[in-house]
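Worksheet for the structure shown next.
Protein chains: 2
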Amino acid sequence: MPVPGDPPYFRRVAVIGIGLIGASFALAAKRAGRVGYVVGVARREETRRAARAIGAADETTPDPVPAVRGAELVYLATPVGALPGLLRTIAAALAPGCLVTDAGSVKAPVCQAAEALPASVRFVGGHPLAGSERSGPQAARADLFQKHVYFLVPTPRGGDEAAQQMARLVEALGARPVTISALEHDRLLAATSHLPHAVAVALMLAISQLVPDARQRAEFSATGLRDTTRIAASSPEVWRDIFLANARPLREACQLTIRLLQELVEAAEAGDGQRLKELLAQSQQVRQALETSPAARG
Amino acid sequence: MPVPGDPPYFRRVAVIGIGLIGASFALAAKRAGRVGYVVGVARREETRRAARAIGAADETTPDPVPAVRGAELVYLATPVGALPGLLRTIAAALAPGCLVTDAGSVKAPVCQAAEALPASVRFVGGHPLAGSERSGPQAARADLFQKHVYFLVPTPRGGDEAAQQMARLVEALGARPVTISALEHDRLLAATSHLPHAVAVALMLAISQLVPDARQRAEFSATGLRDTTRIAASSPEVWRDIFLANARPLREACQLTIRLLQELVEAAEAGDGQRLKELLAQSQQVRQALETSPAARG
Numbered sequence: 074m075p076v077p078g079d080p081p082y083f084r085r086v087a088v089i090g091i092g093l094i095g096a097s098f099a100l101a102a103k104r105a106g107r108v109g110y111v112v113g114v115a116r117r118e119e120t121r122r123a124a125r126a127i128g129a130a131d132e133t134t135p136d137p138v139p140a141v142r143g144a145e146l147v148y149l150a151t152p153v154g155a156l157p158g159l160l161r162t163i164a165a166a167l168a169p170g171c172l173v174t175d176a177g178s179v180k181a182p183v184c185q186a187a188e189a190l191p192a193s194v195r196f197v198g199g200h201p202l203a204g205s206e207r208s209g210p211q212a213a214r215a216d217l218f219q220k221h222v223y224f225l226v227p228t229p230r231g232g233d234e235a236a237q238q239m240a241r242l243v244e245a246l247g248a249r250p251v252t253i254s255a256l257e258h259d260r261l262l263a264a265t266s267h268l269p270h271a272v273a274v275a276l277m278l279a280i281s282q283l284v285p286d287a288r289q290r291a292e293f294s295a296t297g298l299r300d301t302t303r304i305a306a307s308s309p310e311v312w313r314d315i316f317l318a319n320a321r322p323l324r325e326a327c328q329l330t331i332r333l334l335q336e337l338v339e340a341a342e343a344g345d346g347q348r349l350k351e352l353l354a355q356s357q358q359v360r361q362a363l364e365t366s367p368a369a370r371g
Numbered sequence: 074m075p076v077p078g079d080p081p082y083f084r085r086v087a088v089i090g091i092g093l094i095g096a097s098f099a100l101a102a103k104r105a106g107r108v109g110y111v112v113g114v115a116r117r118e119e120t121r122r123a124a125r126a127i128g129a130a131d132e133t134t135p136d137p138v139p140a141v142r143g144a145e146l147v148y149l150a151t152p153v154g155a156l157p158g159l160l161r162t163i164a165a166a167l168a169p170g171c172l173v174t175d176a177g178s179v180k181a182p183v184c185q186a187a188e189a190l191p192a193s194v195r196f197v198g199g200h201p202l203a204g205s206e207r208s209g210p211q212a213a214r215a216d217l218f219q220k221h222v223y224f225l226v227p228t229p230r231g232g233d234e235a236a237q238q239m240a241r242l243v244e245a246l247g248a249r250p251v252t253i254s255a256l257e258h259d260r261l262l263a264a265t266s267h268l269p270h271a272v273a274v275a276l277m278l279a280i281s282q283l284v285p286d287a288r289q290r291a292e293f294s295a296t297g298l299r300d301t302t303r304i305a306a307s308s309p310e311v312w313r314d315i316f317l318a319n320a321r322p323l324r325e326a327c328q329l330t331i332r333l334l335q336e337l338v339e340a341a342e343a344g345d346g347q348r349l350k351e352l353l354a355q356s357q358q359v360r361q362a363l364e365t366s367p368a369a370r371g
């Protein structure tokens with residue numbers, strides 16, 4: 074859905090948490106000519122240096138408060154759990170009219186926290202559906218968001234007008250803006266992202282208990298085990314925050330998965346080959362549709 | 074573990090179920106000069122034609138009984154559920170001294186059924202830890218087993234001597250023979266193969282219920298979902314048989330996974346970030362070890 078109107082331009086931008094996502098955003102926005110001067114914020118000196126070295130930031134600081142002073146756009150790309158506190162920290166330093174957005178994987182808590190921002194400030198929740206196994210500005214790429222879905226959540230701070238402006242911006246970066254409510258987003262992502270992650274982690278932990286010898290696990294595992302558990306190697310901090318922030322929808326999605334897994338093993342133990350084959354054929358059909366859908370190649 | 078002694082040679086071989094695995098075995102054994110004349114058995118005319126076309130079989134038939142007459146080696150590569158019945162069908166036609174082996178993913182039922190074979194016949198359970206998303210003789214490759222683990226299960230029919238002969242044979246095909254008991258094999262594979270499969274299927278079914286719109290599932294799914302559910306697209310018949318044949322160990326592995334998944338979501342709902350991070354860090358470490366272990370590259 075192309076968004077009408079010219080993409081916006083922001084003279085001064087603060088990117089707080091200038092890791093993989095924050096630095097990729099800065100590189101993409103610079104390449105598209107949508108931003109001028111970028112101040113990058115990161116706690117670690119090594120991250121700040123890398124962000125400057127790759128040209129994602131013109132200046133860096135460990136402190137978010139001076140970084141946001143005078144910024145027309147503030148892009149928050151820290152782990153999800155830090156976002157509400159960060160909004161409180163920077164609230165008083167934000168310039169009137171400033172557009173604040175985030176890139177967190179869970180939208181309800183940050184959008185709720187944004188309601189306490191000054192009335193002069195605009196806030197649009199954001200979530201680019203893009204990433205990489207790697208992390209840090211070293212892994213940043215100007216085309217990271219290219220052709221990927223970019224969720225946008227309008228909030229009372231700025232409403233649809235601010236969301237439209239963000240949509241034109243992310244479209245200028247090559248992404249596909251999708252407007253959605255925070256609750257709808259969090260329920261959707263609980264199913265398509267947080268559930269697979271929780272399941273992969275539980276599966277990896279179970280296998281490590283069932284086959285305690287690491288050498289045996291490696292020697293006797295085939296592609297299936299490797300595929301299903303790949304995401305279990307992701308950052309514990311990032312996913313702790315996501316699970317905590319989206320606990321309720323995640324629990325509901327997990328409970329359904331548990332019921333279906335129980336149904337599978339009960340059919341197997343009962344020798345009910347007919348029911349087993351139905352369930353397996355249904356999952357085969359759903360999985361194949363995932364691969365062949367034109368949207369998937371977007 | 075290199076196996077001492079010359080690899081055996083079989084003048085006449087019957088491969089029953091000459092699909093991906095059966096035809097790959099025939100191609101590999103022919104290339105290694107370990108077999109002479111190969112009779113391939115398949116129900117479908119198309120499969121038989123393909124097996125002849127790629128040179129996996131010198132002759133084909135839909136009927137296993139005439140195929141095994143005079144064979145020195147009988148290689149059973151049908152789905153797991155057909156194996157016990159197949160042994161009963163061919164028992165009377167097997168030549169004295171004949172070596173019978175199978176390639177099924179579950180070992181207890183077929184090894185038990187083999188105990189009813191004539192005393193003059195030798196049986197070694199087998200399971201090559203190799204495969205492909207594709208199936209049929211069209212997908213067969215002489216190097217399919219190359220460097221892969223090949224489980225061998227000695228049975229009262231032939232004992233260790235027959236198992237040693239099989240070990241020399243599969244080693245001649247480039248595989249790594251691993252001798253194991255049927256029960257140990259089935260418990261191990263329940264954890265490293267059947268459990269990931271059942272979990273992927275339950276996950277795919279859950280997601281299809283949580284996000285009923287196939288277009289949304291495709292559009293809003295990232296790499297994580299695709300990796301974790303890839304094996305859910307496998308053959309329903311093959312996996313129905315495996316789940317039925319290994320129901321008990323599979324149920325135990327699933328129950329442990331369910332407990333761990335519940336522990337994860339309970340920690341999230343209780344806001345216990347410390348416990349969550351412990352579980353996530355542990356799964357990260359186990360998953361990383363899977364990738365870095367030298368055995369995994371074998």
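Top to bottom, those sequences are chains H and P.
Each step along the first sequence adds one to the number in this note's numbering, with nothing skipped, and position 108 is 181.
Each step along the second sequence adds one to the number in this note's numbering, with nothing skipped, and position 68 is 141.
Ideal Cβ placement from N, Cα and C applies to all residues, glycine included.
Excluding residues up to 5 positions away in sequence, PRO81 lie with their Cβ nearer than 6 angstroms to the Cβ of GLN238(H) in the same chain. At a beta-carbon threshold of 7 angstroms, the residues of chain P lying near SER356(H) are VAL274, MET277, LEU278, ALA305, ordered along the chain. Each residue's CA atom was taken as its position, placing ASP345(P) and LEU317(H) some 8 angstroms apart. As the crow flies, the alpha-carbon of THR174(H) is around 12 angstroms from that of VAL243(H).
DSSP lists VAL114(P), LEU149(P) as the bridge partner or partners of ILE89(P). In the DSSP assignment, ARG288(P) falls within the alpha helix (DSSP H) that extends over 287-292. Taking 8 angstroms as the CB threshold, ASP136(P) stays off the interface with chain H.
For ASP300(H), the uninterrupted alpha helix (DSSP H) run begins and ends at 296-302, by DSSP. Per the coordinates, the alpha-carbon of GLY199(P) lies some 12 angstroms from the alpha-carbon of VAL147(P). Residue range 346-365 is occupied by the alpha helix (DSSP H) that includes GLY346(H). Within 7 angstroms of the CB of PRO309(P), the CB atoms of chain H belong to LYS350, LEU353, ALA354, GLN357, in sequence order along the chain. Nearest CB-CB separation between THR265(H) and chain P: below the 8 angstroms threshold. A direct Cα-Cα distance of roughly 24 angstroms separates GLU118(P) from ALA354(H). Residue-level contact by beta carbon fails for VAL183(H) and chain P, as no gap is shorter than 8 angstroms. The straight-line gap separating the alpha-carbon atoms of LEU268(P) and ALA124(P) is approximately 32 angstroms. When rounded, the separation of the alpha-carbon atoms in GLN335(P) and LEU256(H) is 23 angstroms. Contact check for GLU145(P) and CYS171(P): beta-carbon distance about 6 angstroms, within the 8 angstroms limit, so the pair qualifies. Not one beta carbon of chain H lies nearer than 8 angstroms to the beta carbon of ILE94(P).
Taken atom to atom, the span from the alpha-carbon of CYS327(H) to that of ARG121(P) is near 45 angstroms. Interface with chain P (8 angstroms Cβ-Cβ cutoff): VAL153(H) is excluded. Counting every other CB atom within 10 Å of its CB across the protein chains shown gives PRO210(P) a total of 16 or more, marking it as buried.
Look at the beta carbons and you see the stretch 127-138 of chain H touching the stretch 107-118 of chain H: at least three pairs across the two are nearer than 8 angstroms. For THR302(P), the nearest CB of chain H lies under 8 angstroms from its own CB, placing it at the interface with that chain. Per the C-alpha coordinates, the member of VAL311(P), GLN282(P), VAL272(P), ARG207(P) positioned closest to LEU329(P) is VAL272(P). At a cut-off of 4 residues, the continuous stretches assigned as alpha helix (DSSP H) that sit fully inside the stretch 229-274 of chain H are 232-245, 255-262.
LEU149(H) and THR265(H) have their C-alpha atoms some 23 angstroms from each other. Here GLN219(P) has GLY247 as same chain residues with Cβ atoms under 6 angstroms from its own Cβ, once five neighbours each way along the sequence are excluded.
Rounded to whole angstroms, the Cβ separation of ARG360(P) and MET277(H) is 5 angstroms, and the two are in contact under 8 angstroms. Cβ contact annotation for ALA213(P) (same chain, cutoff 7 angstroms, sequence separation greater than five): LEU93, ALA96, SER97, LEU100, ILE127, ALA129, in chain order. Linking ALA176(H) to ALA305(P) through their CA atoms gives a straight-line distance of about 31 angstroms. Counted as a single uninterrupted DSSP element, the stretch harbouring ARG332(P) is not any beta strand (DSSP E) but the alpha helix (DSSP H) occupying residues 320-342. Taking C-alpha positions only, ALA343(H) is separated from LYS350(H) by approximately 13 angstroms.
Taking C-beta separations shorter than 7 angstroms and ignoring five residues to either side along the sequence, the partners of PRO250(P) in its chain run VAL76, TYR223, LEU225, ALA240, VAL243, GLU244, following chain order. Within the DSSP bridge table, the entry for LEU172(P) names LEU146(P), ARG195(P) as partners.
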